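**Q** Residue numbers (our numbering): 3 to 369.
1) Thinking residue 276 and residue 285 are a contact (beta carbons under 8 angstroms), I'd like their distance in whole angstroms, please.
2) Measure how close the beta-carbons of residue 230 and residue 222 come, nearest whole angstrom, since I'm counting them as under 8 angstroms.
3) Mind checking whether residue 118 and residue 112 have CB atoms under 8 angstroms apart?
4) Kindly give me the distance between the Cβ atoms of residue 196 and residue 188, rounded to whole angstroms, as I take these residues to be in contact under 8 angstroms.
5) For residue 202, I'd like the list of residues in its chain whose CB is within less than 6 angstroms of its CB, leaving aside the five on either flank, ordered along the chain.
6) Can you tell me whether DSSP reads residue 274 as helix, strand or coil?
7) Which same chain residues end up closer than 8 angstroms to residue 168 when comparing Cβ atoms and leaving out the 5 residues on each side of it in sequence?
8) Could you round the C-beta distance between residue 102 and residue 123 to whole angstroms and report it? I think they count as a contact, below 8 angstroms.
9) Out of 166, 301, 354, which one is the CA nearest neighbour of residue 142?
10) Out of 309, 81, 317, point me to the one whose CA is closest to residue 300's CA.
11) Which residues in the same chain have their Cβ closer than 6 angstroms to the Cβ of residue 190, if we skip the five residues on either side of it in sequence?
12) I'd like to know if residue 248 contacts chain D, where contact means its C-beta is closer than 8 angstroms to some C-beta of that chain.
13) Does the beta-carbon of residue 114 have 16 or more other beta-carbons within 10 angstroms, so that it is buried, or is it exposed?
14) With a threshold of 7 angstroms on Cβ separation, who are the neighbours of residue 306 within its own chain once the five nearest residues in sequence on each side are excluded?
15) Leaving out five residues before and five after residue 91 in sequence, what residues of the same chain have Cβ atoms less than 8 angstroms from its Cβ?
16) Let me know the secondary structure DSSP gives residue 134 once reduced to three states.
17) With residue 262 as the anchor, note down where its beta strand (DSSP E) starts and where it stops.
18) Going by C-alpha to C-alpha distance, which of 353, 134, 281, 246 sits closest to residue 342?
19) Which residues in the same chain have their Cβ closer than 6 angstroms to the Cβ of residue 84, if we skip the five residues on either side of it in sequence?
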């Protein structure tokens with residue numbers, strides 16, 4: 003065969019191989035984009051529940067979103083005025099503050115219910131899980147002795163264990179070592195009030211209430227290393243004091259005055275941490291604020307915070323729209339407390355039934 007013919011043959015073969023390689027590349031690309039990206043392993047993973055509701059009307063919306071701003075599901079529910087959240091292993095609870103309607107989410111599904119099986123009763127001002135128990139403090143009313151609330155303790159199947167009248171308007175409840183610690187305000191008939199701490203022995207079904215500083219109210223409480231830390235605010239709801247109790251004797255040992263208002267308390271590595279302004283700080287054993295651990299970009303109005311394991315989740319409402327707006331912009335910050343890394347999720351909720359917001363991270367952080 004002449005050399006020219008051999009050269010032509012080689013050129014044809016090379017062209018054919020080039021065309022084949024291009025075709026294979028195109029097919030591979032289409033396979034990866036059209037098939038693999040739709041595979042379950044690459045679908046957006048659920049990370050947060052967002053609940054929006056109205057104070058006056060039923061018809062809340064529950065949205066499930068990913069950390070990468072993907073809407074996974076949404077549904078309308080016959081719920082009203084949802085602002086309280088309780089978390090424990092494998093369980094998420096949303097509760098109304100004025101309306102006695104609750105939604106519990108577990109791996110088995112969703113369950114709506116009413117405390118004391120009566121939807122006509124008022125909702126809860128404080129709620130938390132204990133060991134195999136749900137502790138709720140229901141809205142009460144004024145009596146001759148002042149404001150009284152109703153403590154309701156039930157098991158996780160919904161069976162009533164006991165109920166008890168307690169003399170405070172509750173704001174927060176935590177369980178530690180077989181006892182429930184409930185904080186708020188002791189409100190008198192003449193309009194005066196004072197910080198109040200109620201301690202409930204969940205086994206003996208007994209309680210005791212302690213009143214401290216007048217013209218102040220407790221907003222938050224955390225049990226940490228044998229102490230109770232209570233966040234106190236004045237008549238104008240400016241929360242710049244921390245009261246420290248011995249968790250056994252309930253003796254008030256110290257008061258700490260903060261340079262800025264604190265939004266939430268939480269425990270990590272047996273130390274009290276504060277969300278204060280846009281910073282995370284630690285309170286030392288001597289009761290002094292230590293150096294800033296993390297500084298957050300403050301973006302919106304703080305709504306709620308939840309700590310799970312080594313993660314702190316914070317919800318901010320970014321929208322400045324009025325109560326008539328049906329659009330709500332939110333930001334969720336997931337801060338890893340050990341390593342300092344964070345993931346920020348910005349999401350816009352459209353066509354919402356109301357402006358009240360509550361959120362919950364799923365039990366296991368997802369990437």
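Idealized CB from N, CA, C, for every residue including glycine. Just so we're clear, the structure is a prediction, and the values are computed from it rather than from any experiment.
**A** According to the data block:
1) 7 angstroms
2) Not really, about 11 angstroms apart at Cβ, beyond 8 angstroms.
3) no
4) 5 angstroms
5) Result list for residue 202: 182, 209, in chain order.
6) Residue state, collapsed to three classes: strand.
7) Around residue 168: 139, 150, 151, 152, 153, 184, 200, 202, 209, 211.
8) 5 angstroms
9) 166
10) 317
11) 148
12) No chain D is present in this structure, which holds just one protein chain.
13) exposed
14) 87, 317, 360, 361
15) 365
16) coil
17) Counting along the chain, residue 262 falls outside any beta strand (DSSP E), and DSSP gives it neither H nor E.
18) 281
19) Excluding residues within five positions, the ones whose Cβ falls inside 6 angstroms are 53, 55, 62, 96, 98, 360.
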